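Trainee: Chains as they are written, first to last, in the numbering used here: chain B, 148 to 1356; chain U, 55 to 211.
All C-beta atoms, glycine included, are put in the ideal place defined by N, C-alpha and C.
Remember, it's a predicted structure, so these values are computed and weren't measured experimentally.
#1: For residue 635(B), tell me which candidate among 643(B), 644(B), 624(B) has the shortest Cα-Cα distance.
#2: Apart from the five residues on each side of it in sequence, which residues of its chain come closer than 8 Å, Cβ to Cβ, to residue 146(U)?
#3: Would you kindly work out how many angstroms separate the C-alpha atoms of residue 1189(B) and residue 1165(B), rounded to a whole number?
#4: Near residue 1080(B), which residues of its chain fall below 8 Å by C-beta distance, leaving aside the five closest residues on each side in sequence?
#5: Output, in sequence order along the chain, the residues in the stretch 1231 to 1252 of chain B whose CB is closer than 7 Å to any CB in chain U.
#6: Quick one: residues in its chain with C-beta nearer than 6 Å to the C-beta of residue 842(B), no 5 flanking neighbours on either side, listed in chain order?
#7: Compare the C-beta of residue 90(U) with all C-beta atoms of chain B and state if any pair is closer than 8 Å.
#8: Secondary structure at residue 731(B), three-state DSSP: helix, strand or coil?
#9: Should residue 182(U) go down as buried or exposed, given a rule of 16 or more other Cβ atoms within 10 Å for buried?
#10: Can a CB atom of chain B be found closer than 8 Å to the CB of residue 198(U)?
#11: If you draw a straight line from the alpha carbon of residue 1277(B) to that of residue 1266(B), how long is it in whole angstroms?
#12: Residue 678(B) lies in the beta strand (DSSP E); which residues open and close that run?
#13: Just checking my contact of residue 1087(B) with residue 1128(B) at CB under 8 Å: how many whole Å lie between their CB atoms?
#14: Can you give the beta carbon distance from residue 769(B) to residue 929(B), rounded, assuming they're within the 8 Å contact cut?
#15: So, is residue 938(B) buried or exposed, given that buried needs 16 or more other C-beta atoms within 10 angstroms?
#16: Answer yes or no: do residue 478(B) and residue 487(B) have a C-beta to C-beta separation smaller than 8 Å?
#17: Can you check which of these residues, 665(B), 698(B), 886(B), is closest to residue 448(B) by C-alpha distance?
#18: According to a CB-to-CB cut-off of less than 9 Å, which residues of the stretch 1217 to 1232 of chain B neighbour chain U?
#19: Whose C-beta lies closer than 6 Å to the C-beta of residue 1038(B) among residues of the same chain, with five residues either side of it excluded?
#20: Exposed or buried, which one is residue 98(U) when buried takes at least 16 other CB atoms within 10 Å?
#21: Indicate whether the contact test is met: 3 or more Cβ pairs, each with one atom in the stretch 1322 to 1340 of chain B and one in the stretch 160 to 176 of chain U, closer than 8 Å.
#22: Decide yes or no for the touch test of the stretch 875 to 891 of chain B against the stretch 1224 to 1231 of chain B: beta carbon pairs closer than 8 Å, at least 3 of them.
#23: Can you have a look at residue 872(B) and say buried or exposed, based on whether 16 or more other CB atoms are within 10 angstroms of its CB?
#24: At the level of alpha carbons, what is the spacing between residue 170(B) and residue 415(B)?
#25: What do you reckon, are the CB atoms on residue 646(B) and residue 676(B) nearer than 8 Å?
#26: Alpha helix (DSSP H) containing residue 1283(B): first to last residue?
#27: Please return the same chain residues whose Cβ sits closer than 6 Å to the Cβ of residue 891(B), not counting the five positions on each side in sequence.
#28: By Cβ distance, which residues of its chain are closer than 6 Å to residue 150(U), with the 5 residues on each side in sequence left out?
#29: Between residue 717(B) and the rest of its own chain, which residues show a CB-CB distance below 6 Å, the 5 nearest in sequence each way excluded?
#30: Look at the Cβ atom of residue 553(B), then the Cβ atom of residue 587(B), and state whether they are nearer than 8 Å.
#31: Between residue 821(B) and residue 788(B), is the Cβ-Cβ spacing less than 8 Å?
#32: Cα separation between residue 344(B) and residue 462(B)?
#33: Would residue 1211(B) and residue 1091(B) qualify as a contact pair, given that the criterion is a beta-carbon distance under 8 Å?
#34: Kindly say whether residue 154(U), judged by its beta-carbon, lies nearer than 8 Å to any beta-carbon of chain B.
#35: Between the Cα of residue 174(U) and the Cα atoms of 73(U), 61(U), 116(U), which residue gives the shortest distance?
#36: Which residues of chain U have a Cβ atom closer than 8 Å to the Cβ of residue 1337(B), listed in chain order?
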């Protein structure tokens, strides 16, 4: 079975490949490190693909070869059938002769053909035969020839063939479960056997098999990947557990492992190459042997075919001769007188010569006993002549008359009839030739045709044989003994065969006569075969011998076939195997290169790891060094500074003082630098921990602003802060670090911004910027609009100078989009400046410690360049990110995020409220109008005013605001609009309008001037003279200096708008205190605020003074007084007042009597040294209005007085 | 060299003040007191301090006589005196005197006569020290005022 043969061959290859793949897997499993694994997976992939490719290639080549084989088979069968048809014609001629066996034969043929079809259809081919059909055909052909009369045997054969086919089939079916077992056992094997399996079953489903292979490989890959993932995770865990201890070990193991895997790969490659070479060798051997086998088979087929045909033809002729013998016996011996004479015989034989194309002549010799010789000779009129003594008698062109009369013998066999062609042998005694005599004797004894050994025929000089049949004169039983036969012999019919012409003719009929050389031998004498046909033998390698059976059991003939030419070199297998070899080598080369690359990369990686470890160690060492050295410097430095401080306290002259101060400042700078370095080292060592304290982010901004406002004013830079209204009042985090980061950034911005532009700090919630389309915040919106470069020059920045695009500064933040927890608040702080910007090439390293944009920077601006690095570390600690956008000459915008927790608003509020709330409540109902061209600046102003609790309107110009302003005035709602804030920029445009309005107001309703909204000018920096000038114009009430922040505003309003003077001026106040010092101090304080103070030293005096009617506006009373303490005095005063009030309300006394006051209630403020809750309550209980601490604190005093007077009025 | 002496005196005064602050003798209340001094009341501080000295000496005498009594029992009176003392001291910002007074008060609350006596001694000592220093300060201020007032420089002693 050619197919199976091939497949088994390829199976061997497959199993080897499978083995290889398993090896690959092993190496894969062995691998540990993920990189090598990846490489191995890749390698495995490549291997897999190569194997599939090669398997595909081989199978497809086999397939095509198989197909071509099949087609070749078909071709040959076709030709054979043609030949067979040819021979069938001859068979039919036979049939016409033996009409009796006709029917049976045809049946036999039909059955054979049927069987043939069956066998070809069901079983492909038995193993080890290329084209079995031919073989079978040939065999059966022989069967047919042999068992023409015994057809049942053929039937048996058919049965056996069919029976044979069943075991084969079961073998095939047994084979398949075996295969499927394999499939189940070996996963990879399945994959690789798939094609084989499919090939066995159905070649067309090879594609499906390949798909399976791919799926298998993918699954395997995934599986491996999963395994590896788990392994690496485990490893990671392990590493996490003991990072330091394990690192070295892992490195070591990795090192060892990579080497081992490298060796594995090398081995694998070598194996692969060996397999490639071996495979190509096998392929070559297999294909060439296949070709040789086919050649042998072809030769055998052709030879057998020729032999069979020759035999057939000969047999046919023999039968004819036999028939002739019967004819002679019938008509010559069976009739008296004989119906046959020489003439008739000659004519008949001549005319029926076509039936015996191979015989050169037929002759009949009569058996003549010596006793009858004379009679016979007389009867025929000639003497019996002897053949030549020599064997060459027949060969020579002899004339019978010249021959001698036969010597006296027992028996003669003179030829009486002869075909015309051999009429010269009439009267020659056949018994005289040795060969002929033997022949005749054998023929009559056996009763069958007998052949002579080849000899040279008379005349034709060709080699020939003589066939002799005995003719019996009586009916013989089939089991007659030879003696009986001899007895019954009447004569002998001989026919001479011209063998070379016979063979020539035969060969002529067949195709491809050129390719083979045929020799026919008589091998009766095995030691000295006689060549019957054929030329000299040239050894061309292959020889096929087919036996020839000419019907004479004593004579043996053989046909030797040879190819005319030696086989050519098998180019196809050479090409294929060389191709496979080349492919293998190429793949090997590729793999080798890959392996080398892998090894190199692994080596590099290892080196990198080592370098990394060393670098990290160096970094740690550096940090430690810095920390140590900084500390060591700091200690003596403190001494230096202290000594300098003391030196400055001593008596120094000017220049000495100057030197000392310089030294002190320098020392302080040095200390601050060292502190920064220490701080950085501390962060890097991971020793810094964040606090979790509730704080106000807005307050942090204010602090930063107050810290830098002076510096900003000096440089003429506008400094502003802004917090979005979504930023909560209280968050929990580390306020110090938060402030530090902002201060760092602002400090940098101020440092690198020269005398123009602004520095602008803003806080937003990170989620505010998530969706750019959904922005409500004014600052962010302006920033968004600012993206367009062409709009840069417009007025939508704080100072009108172009700035970097803040949106870009947080573009790269990854966590920005992730944060969405309700508990966590992510604040986004942006610091924007209009400074010199950061050069593009330096932007990548600005967060590196000690790295400033360029070395000239530190010369020009000073600083260590550590600030941003610290900021970055702090931001990282806060779980945030820091980023920036910077354009040289335009400015930088830094952004960072920080994660904080939501704080309870209460937690901080007490302190906050204590400090600011009174003022905030003061401003709560007030309304302000901000007029500013720049929206951002207006937003900043509004933010600050809103923090005070005001409601704020913003308008870009007064013109537009004018209408609503006048409107409010007209409807006497002016009280609501408490103030107008105008930016200095807008001032020049607006002042005329404002002036006009103001004038109008003043002229119109003079008494209402107080109620007219106060007008403030917002200015950044103004000289004193300018200020006075503006004030003197009388339009504005005052000038507010920027930067604004809460405490500044409060301070400002307290001083300028609601200051104590305003409250206390011209108020008559009674101070009651027994302590002269306290009295004096209180008097001094109150007088300073413009109050008219009267002092008394005791409760009684106070009662006397405060007996209505009196003209005091308030009373400050000490609580602890001898004789009568403050509580008692207050109670008595209230009692008195109540009496008077009752009188007035009861109509007993007129209000005129008590100073035209309808209700008496003098505000009494306690003065106490211990401001505790209990004393506070006691104060309230006994009718006091409020209390102030003693000694006075201005804020508290102010608050108390405000409350009291508001209440009073 | 106009105003040179005044400047020097100003520096002297500041130094003295800084020293007193440093020692904790005075606190910022004294500065507030100084701020109350303006054109309308040029001698406000010295006035207040003089009243304080006057009052304090009275109180100290009272305290001493109270503590020196053979059958001493009136701690209440001592406390009243001390409260007065504390009030006035804290008003002028005499920090150390105030704290000694508080200690004194605590001792008197515990009826600790020995402690009271010790505290009284300390109080007297502190008071004397304060008085001396303040006198020194006022002297310098006077000189400064004089120096600022004259047109020609004056060598300071």
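Mentor: The structure says:
#1: 624(B)
#2: 83, 84, 87, 102, 103, 106
#3: 7 Å
#4: 942, 1103, 1104, 1130, 1132, 1133
#5: 1231, 1232, 1235
#6: 882
#7: Interface with chain B (8 Å Cβ-Cβ cutoff): residue 90(U) is included.
#8: Here residue 731(B) carries a helix assignment [DSSP, helix/strand/coil].
#9: Exposed, because fewer than 16 other Cβ atoms sit within 10 Å of the Cβ of residue 182(U).
#10: no
#11: 10 Å
#12: 677 to 680
#13: Not quite, the Cβ-Cβ distance comes to about 11 Å (not below 8 Å), so this is no contact.
#14: Not confirmed; about 44 Å, so no contact.
#15: With a pLDDT of 48 at residue 938(B), under the threshold of 50, the modelled position of that residue is not reliable, and no figure is offered here.
#16: yes
#17: The closest CA to that of residue 448(B), considering only 665(B), 698(B), 886(B), is found on 665(B).
#18: 1220, 1221, 1222, 1223, 1224, 1225, 1226, 1227, 1228, 1229, 1231, 1232
#19: 950, 951, 980, 981, 982, 984
#20: Looking at its Cβ environment, which holds 16 or more other Cβ atoms inside 10 Å, residue 98(U) is buried.
#21: No: fewer than three Cβ pairs fall under 8 Å.
#22: no
#23: Exposed, since its Cβ has fewer than 16 Cβ neighbours within 10 Å.
#24: Residue placement at residue 170(B) is flagged as unreliable, the pLDDT there being 41, under the threshold of 50; the coordinate-derived value follows with that caveat. Whole-angstrom Cα-Cα distance: 8 Å.
#25: no
#26: 1273 to 1293
#27: 1014, 1018
#28: 78, 79, 180
#29: Only residues of its own chain outside the window of five on either side were considered, and among them 435, 438 have a CB closer than 6 Å to the CB of residue 717(B), listed in chain order.
#30: Residue 553(B) is not a Cβ neighbour of residue 587(B), given a cutoff of 8 Å.
#31: no
#32: For residue 344(B), the predicted structure reports a pLDDT of 45, less than 50, and the residue's modelled location is therefore unreliable. A value from the coordinates is still provided. C-alpha separation (whole angstroms): 51 Å.
#33: Cβ distance not < 8 Å, so residue 1211(B) and residue 1091(B) don't count as in contact.
#34: Cβ-Cβ to chain B under 8 Å: no for residue 154(U).
#35: 116(U)
#36: 141, 144, 145
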